[in-house]
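Those protein sequences? They're chains A and B, same order as listed. Numbered per the numbering used here, the first sequence spans residues 1 to 385. Numbered per the numbering used here, the second sequence spans residues 1001 to 1396. Backbone N, C-alpha and C fix where the C-beta goes; we use that ideal spot for every residue, glycine too.
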Amino acid sequence: MRFFFLVSSNLKRKKLRTSLTLLSIFVAFVLFGLLCTIKEAFTAGVTMAGADRLIVRHKVSLIMTLPESYTARMERIPGVAGVDHWTWFNGIYQNEPKNFFASFPVEPERFFLLHPEFVLPEEQKQAWRNTRTGAIVGRSLAKRFGWKIGDRIPLTSPIWPREGEGAWQFDIVGIYDGASKSTDTSGLFFRYDYFDEARAREQGMVGWYYVRVNDPERAGDVARAIDNEFANSPYETKSEPEGAFAQGFVQQMGNFSMILISILSAVFFTILLVAGNTMAQAVRERTGEIGVLKAVGFTNGGVLALVLAESCLIAAVGGLPGIGVAWLVAAGGSPAPSLLPVFFLPVRYVFIGAALVLSLGVVAGILPAIQAMRLQVAVALGRHE
Amino acid sequence: MINWFSQVASVTFFNLRTIPQRKGAAIAAGVGIAGVVAVFVGVLSIAEGFRAAMTVSGADDIAIVLRSSADNEMTSGLPREAVQLIANAPGVARTDDGPLASAELFVMIDLPKRSTGTPANVPLRGVGAAARAVRGDIRIVKGTDFEPGRNEVIAGVGVARSVAGLDIGETFRIGQYEWKVVGHFAGGGGAAESEIWTDAAVLQPAYHRGDIFQSVYARLVSADAFQQFKDALTTDPRLKVKVLRQADYLADQSSMLTEFIQTFGVSIAGLMALGALFGALNTMYSAVAARTREIATLRALGFGSSPVILSVVLESLAIALLGGAVGATAAYLAFDGFKAATINWQTFSQVAFAFTVTPRLLVAAVAWSVAIGLIGGLFPALRAARLPVAAALRET
């Protein structure tokens, strides 16, 4: 108890300096938390990928379409447990380019079978089956535009104009949640039959396929079998595990996210340097007092612990709330929902952050603590500032 | 007045000379500010470089024509009859070979990135004979131009650098067709350098496109002819098109990513600046505290409070400017000209670009360090000026 009294009264000695140091550590850890969140957001697709799913797309480019008739042909291939197809719709709400989000026509039954990560109550699934113009939207998308079940929303698509003129009309029949926090709930799905009948061109063509395999171990064989099935046709395919596809997609952004992260971590450490220096200085100034403590019977170990406890306490009081605030900011939603739909601070980074807080405390405190420990009482008492 | 200046000068000089005694704290504050400036310049140089790559070739006297409902070339489509009408519209510059208008196709192909081997969306553009004259800044830097009618391509220097398999003589397959790379071209550092070009007439059948193009690029007789050209096309009942200046089109296509990086860069640097500010405040407060007796002595000798305030602020500014200069120089050396490639979500295609540290960025960086130095020095300076002389003289 007395020990903590000493630690806390040392911290209260120069309240201004202590609070400034606390604040800079606080800011450093807010930054740390936000960085981790952004990094996670960039790689969300990789985390989300199902291990037993393949993506099958046009060999030349993802933006080229494949015939819908491939569904039945792929289902006959041994090892295939299920197939569904998505098409990039590029829907825009209220004709305002800023109101862009991911939207896809899908076949509801196949969709639910292939994508258990999207969770929807049974009665909403049923409503979707019964409503031709029905659409389901993700929780975060619904929040972004304040949509509720029963709303009718108009979307326009620069890629898929409607037969005739005017916007596409969709009735929201369900709001889905993610099975985990890393699930992207910023999308809208609507019925392929409605889409195919009303679109002005390329009837019968879809964007890409997801294929579920019976045995993830044999995913490579199934992918080859699929590509062979369609080789030398006008629409050749390229199949790969969803994880590899998502990884490639992240790579498209290039060294970019890597560069950002390295710059930012470098700077995170400069702030820590600033804070660490101040903490070390605070100990150096008290040489005389430490001499007194030793003279009245504090052991070397006791002095070491005292100084370390002080620096760890200051790191914890500044750093832990910083991580907390970053977590709150991330929970408040993505600042750029169309670019970074998944935005949250994963628990593992909270632990990494806590470990960093502790190591900051130790690193900043260890040198002065060792100095304090080795201090000869006579020298310390004789030294005057 | 002269007396006041000499007071400021002597106190400031005195302060600056004592910095070496507090070098730990001063370096920490300086490094903090250098960090802020480096991040600020570094991140924003990405946005500047990307925007420059996208827009540098944008000209006011080049118009691009798309289908009216399209928001970029990829979602556009124009039949040959429309292309004819557009090429012959008023305002289009002409030479002996005909109007300077190029009907183009814009598709994506998957090619492996050089750095990772993972697929990248590379834009492949089919161009008409007039394409080079329309743009005016395309020149072959290696190899030869493609021969119309053959499955030959030329690659922009940017894409040739960032994507594998585009060296001269190499071939790649799209569907049933094999394409041979015969040359590399430069396009004034602009967006074209991220593209592969071939003859539109050869690309059409390869893509089962029929006789459809996606855009028409036209060189106008002058930038002022744009309105006339636009009005002629948009009022023509046979056409459903939209007409944009190339400069506006390119700026729009790069806006999403540029804005994102800018917002991101400024908010991160802002947070960092806050952290560095606390560091600077700490340094200056301890500098003032360490000199309590000196300051009190000066005051007792008759120095005014404003020279004391000013000297502390100047000291903090000196540290901040030094830190800022180090940070800006480091960022310039590390990032300027750094070659990168990323995907532009608006066009879904790879754009090769180089980080660009512009003078504007450096000026902004200096402004940030001045701001941190000023605020970081001001409060400690006020405290120094308010020290009660008698009490401070007794302080040990």
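Check	Outcome
DSSP bridge partner residues for B/P1090 (one or two, in chain order)	None, per the DSSP bridge assignment.
Presumed contact (8 Å Cβ cut-off) between B/A1093 and B/L1100, rounded CB distance	5 Å
Coil, strand or helix - A/T237 by DSSP	strand
Alpha-carbon to alpha-carbon, A/Q281 and B/S1045	36 Å
Positions along the segment 1103-1137 of chain B whose CB lies within less than 8 Å of some CB in chain A	V1107, M1108, I1109, D1110, K1113, S1115, T1116, T1118, P1119, A1120, N1121
Segment limits, beta strand (DSSP E) that includes A/V80	80-86
C-beta neighbour in chain E for B/H1208, strict 8 Å	The question asks about chain E, but that chain is absent: this structure's protein chains are A and B.
Sequence-distant residues of its chain with Cβ nearer than 7 Å to B/R1161 (five each side left out)	K1339, A1352
Collapsed DSSP secondary structure at A/L20 in the structure displayed	helix
Any C-beta of chain B under 8 Å from that of A/R224	no
Cβ pair A/F101, A/L62 closer than 8 Å	no
Residues, ordered as in the chain, of the segment 288-322 of chain A that lie near chain B by beta-carbon distance below 7 Å	none
Distance CB(B/L1382)-CB(B/A1296) smaller than 8 Å	no
Proximity of A/G187 and A/F104 at Cβ, strictly below 8 Å	yes
Nearest to A/V83 (by Cα), restricted to the options A/L6, A/G361, A/T71, A/P335	A/T71
C-beta contact flag for B/A1320 and B/I1372 at 8 Å	yes
Range of the contiguous beta strand (DSSP E) that encloses B/S1102	1101-1112
Cβ-based contacts, 7 Å cut-off: residues of the segment 148-164 of chain A near chain B	P158, I159, P161
Span of the alpha helix (DSSP H), counted from its first residue to its last, around A/G301	300-331
Euclidean distance between Cα positions of B/A1276 and A/F26	12 Å
Residue environment, B/H1208, which counts as buried when at least 16 other CB atoms sit within 10 Å	exposed
Alpha carbon of B/G1377 to alpha carbon of B/S1010, nearest angstrom	18 Å
8 Å Cβ cutoff, A/E236 in contact with chain B	yes
Cut-off 6 Å between Cβ atoms - residues of its own chain near A/G365, not counting five sequence neighbours on either side	V307, L308, S311
Proximal residues to B/V1357 (C-beta, below 7 Å), its chain only, five neighbours per side dropped	V1041, S1045, A1331, Y1332, F1335, D1336
Within chain A, partners of B/Y1285 - CB distance below 7 Å	L16, R17
Buried versus exposed, by CB contacts within 10 Å (16 or more), A/S8	exposed
Alpha-carbon spacing of A/W160 relative to B/R1139, whole angstroms	37 Å
Complete alpha helix (DSSP H) runs within the segment 1114-1201 of chain B (minimum length 4 residues, chain order)	1131-1135, 1157-1162
Neighbourhood of A/D227 by C-beta distance below 6 Å, restricted to the same chain and skipping five residues each side	T237, S239
Rounded distance between the beta-carbons of B/V1031 and B/A1103, thought under 8 Å	In fact, because the Cβ distance is near 57 Å, the residues do not count as touching under 8 Å.
Contacts that B/F1172 makes with chain A (C-beta to C-beta distance below 7 Å)	The contacting residues do not exist; B/F1172 stays about 10 Å from chain A at best.
Inter-residue spacing [alpha-carbon to alpha-carbon] between A/I38 and A/Q124	33 Å
Outcome for B/V1141 when other beta-carbon atoms lying within 10 angstroms are tallied against a minimum of 16	exposed
Delimiting residues of the beta strand (DSSP E) encompassing B/D1415	A question about residue 1415 of chain B goes unanswered here, because the residues of chain B that appear run from 1001 up to 1396.
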